[in-house]
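**Student:** For the sequence shown, the residue numbers in the working numbering are 16 to 434. Yeah, the Cβ is synthetic: ideal placement off N, Cα and C, and Gly gets one too. Provided herewith is a single structure, encoded as structure tokens, for subsequent inquiry.
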Amino acid sequence: MAGTNQSFGQIIAGGFQRGVGGVSIDAQGVLSAPTTVDQESLDAARAAANLATPDQFEKFEPLRAISLKWLEETVARCKAEGAPLPPEVECVGGLQRIRYVFAYPERNDIVLVGPAEGWQFDRLGNVVGKTTNLPVIMLDDLMAALRSGPQSRVEAITCSIEPTGEGLQRVQNLLSQMRTMGNPDETADAIEDALGPQQIIVTGVPGSSHFARTLVAADFRMKRLAMNFEDAPISGLPSFLQMMSGRAKSLTPRWWLAPSYEPLAQDADGLSWELRGAGVKCLTENDYVAANGEKQRTGQSDPLAAKWAKLMTEHYEELAAVDSTFGQLRNLMDLAVIGAIVDREQMLERAGLSAPMLMGGQELVELPAPTQTASKASLLKKGRNWIVTASGGVEILPWQVVENNVRESLADVRAQFAK
């Protein structure tokens with residue numbers, strides 16, 4: 016933290032947020048890649064931060080239990096005293112994933128269990144484990160997920176970065192008049208001007224939340240990798256444009272990221288759950304752009320776009336290990352599932368746990384809500400078609416994940432954390 020008393024929320028909400036997560040979002044909500052100045056400001060804030068880990072949270076543990084009752088009581092006390100939240104609360108005890116959730120009515124508590132260790136800021140400004148470099152679950156994201164539980168039954172948690180219909184129509188008109196690429200830079204500029212700003216839409220969580228920012232950052236960075244605006248930090252993941260040869264079929268390839276879980280395990284009374292095979296998959300579908308610029312999803316995928324999506328899925332774990340924004344997205348999917356479980360099983364009521372702070376009383380960190388980003392043309396002409404831009408986003412349907420479960424005894428693991 017900056018100094019000794021400044022909370023994570025205060026740091027993120029004050030200036031530090033410009034370059035966090037590998038993206039920059041200004042006060043007007045315009046999303047872009049970070050500039051050198053953004054990165055320098057981020058580096059300076061990291062150097063000045065004092066994100067101290069208490070001794071009892073420092074050592075790596077394969078399974079650490081974090082009590083929602085403890086989080087609730089600490090948040091309530093700090094709010095009453097006007098004191099900042101301690102790092103161990105903002106960092107949810109250093110949890111890096113959630114593997115189990117147990118409700119204990121006998122002690123009026125719900126416990127989250129997963130791997131954990133001490134924490135620090137990484138080069139992207141995300142909080143990560145000191146030895147694993149894997150992103151740490153943040154209280155702000157946990158609260159957003161718990162509050163999303165009832166709504167996520169009927170509305171997916173999503174983000175999308177999409178060109179407007181008017182912009183696509185202008186591009187269609189422009190390309191219909193072009194027979195050759197001409198000067199590539201001038202042509203790219205003309206296409207970008209014709210497209211205009213792309214719109215960013217977030218559903219299911221507040222657009223100004225850190226949760227939403229992470230959704231948008233992961234989507235934005237995925238598109239930059241796909242369209243060759245930056246190199247992947249791992250081997251084996253070329254850009255979509257680098258993979259192309261011969262004729263292309265898709266003017267606007269569409270990719271989105273979604274959860275990939277094995278069936279969850281739950282005990283007979285629904286008070287013990289295990290998340291299994293938690294991961295992220297990349298999906299694809301073609302967009303058809305009509306002459307008037309209206310974009311329609313076809314239900315079909317271009318074979319090459321599908322091949323890139325398969326590579327992205329296969330390399331996601333490796334990518335998340337070196338780019339914490341992708342790891343954070345995976346954690347958000349875990350949290351969204353936990354929010355759905357807690358709501359579906361009425362865990363708070365059945366555990367006898369009152370959590371007014373976690374469920375609404377504690378304000379979420381408020382950031383500039385991302386609303387638009389400048390179009391960036393990945394200019395490539397294959398056969399008679401132009402590859403112009405990518406669309407898509409992130410889609411989390413946590414209730415679908417929760418409904419896909421098997422009955423299984425989790426008594427042995429549950430007993431380990433019953434004290």
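Identify whether Lys74 lies in helix, strand or coil by the three-state DSSP scheme.
**Tutor:** coil
**Student:** By DSSP, does Gln166 sit in helix, in strand, or in coil?
**Tutor:** Helix, per DSSP.
**Student:** Taking the straight line between their C-alpha atoms, what separation do you get for Pro383 and Gly222?
**Tutor:** 8 Å
**Student:** With Gly182 as the anchor, note down where its alpha helix (DSSP H) starts and where it stops.
**Tutor:** 180-191
**Student:** If we count Cβ pairs, one from each stretch, closer than 8 Å, do we get three or more for the stretch 335-353 versus the stretch 154-167?
**Tutor:** Contact holds: three or more Cβ-Cβ distances are below 8 Å.
**Student:** Would you call the stretch 274-282 and the stretch 225-242 touching, i.e. three or more CB-CB distances under 8 Å?
**Tutor:** no
**Student:** Given Gly292, which residues of its chain have a CB within under 6 Å of its CB, disregarding the five upstream and five downstream residues?
**Tutor:** Tyr276, Glu277
**Student:** Measuring alpha carbon to alpha carbon, tell me which of Phe341, Leu379, Ile411 ends up nearest Leu149.
**Tutor:** Closest in alpha carbon position to Leu149, among Phe341, Leu379, Ile411, is Phe341.
**Student:** Specify the secondary structure class of Trp414 as computed by DSSP and reduced to three states.
**Tutor:** The answer is helix: DSSP assigns Trp414 an H, G or I state.
**Student:** Are the CB atoms of Trp134 and Val143 within a distance shorter than 9 Å?
**Tutor:** yes
**Student:** At which residue ranges does the stretch 119-163 contain complete beta strand (DSSP E) runs of 3 or more residues, listed in the order of the chain?
**Tutor:** 124-131, 134-136, 142-144
**Student:** For Ser82, which residues does DSSP report across the bridge?
**Tutor:** Val126, per the DSSP bridge assignment.
**Student:** Below 8 Å CB to CB, which residues in the same chain sit around Gly108 once its five sequence neighbours on both sides are set aside?
**Tutor:** Phe72, Arg79, Ile81, Ala131, listed in sequence order.
**Student:** Below 8 Å on the Cβ atoms is my contact criterion, and I expect Gly408 with Ile176 to pass it. Report the Cβ-Cβ distance as a whole number of Å.
**Tutor:** 6 Å
**Student:** Under 8 Å Cβ to Cβ from Leu83, same chain only, skipping five residues before and after it: list those, please.
**Tutor:** Asp124, Ile125, Val126, Leu127, Leu368, Ala370, Leu373
**Student:** With DSSP as the reference, please indicate the residues paired to Gly219 in a beta bridge.
**Tutor:** The partner list for Gly219 (beta bridge, DSSP) is empty, contrary to what the question assumes.
**Student:** Are the Cβ atoms of Ile249 and Leu334 separated by less than 9 Å?
**Tutor:** yes
**Student:** Identify the continuous beta strand (DSSP E) that holds Ser275 and give its terminal residues.
**Tutor:** In the DSSP assignment, Ser275 falls within the beta strand (DSSP E) that extends over 268-275.
**Student:** For Ser406, count the other beta carbons within 10 Å of its own beta carbon; 16 or more makes it buried, fewer makes it exposed. Which is it?
**Tutor:** buried
**Student:** Under 6 Å Cβ to Cβ from Ala305, same chain only, skipping five residues before and after it: list those, please.
**Tutor:** For Ala305, the predicted structure reports a pLDDT of 44, less than 50, and the residue's modelled location is therefore unreliable. A value from the coordinates is still provided. There are no such residues.
**Student:** My assumption, with CB atoms under 8 Å, is that Leu252 sits in contact with Met327. Please give the rounded CB distance.
**Tutor:** 7 Å
**Student:** Note down, in chain order, each residue of its chain lying with its Cβ closer than 7 Å to the Cβ of Ser424, except the 5 sequence neighbours on either side.
**Tutor:** Same-chain partners within the cutoff: Asp282.
**Student:** Looking at Leu298: is its Cβ nearer than 9 Å to the Cβ of Met259?
**Tutor:** no
**Student:** Secondary structure at Arg365, three-state DSSP: helix, strand or coil?
**Tutor:** helix
**Student:** Compute the Euclidean distance between the alpha carbons of Val151 and Leu110, then round it to the nearest angstrom.
**Tutor:** 6 Å
**Student:** If you run the structure through DSSP and keep just helix, strand and coil, what is Gln213?
**Tutor:** strand
**Student:** Could you give the distance in angstroms between the alpha-carbon of Ala95 and the alpha-carbon of Phe117?
**Tutor:** 28 Å
**Student:** With DSSP as the reference, label Val409 as helix, strand or coil.
**Tutor:** strand
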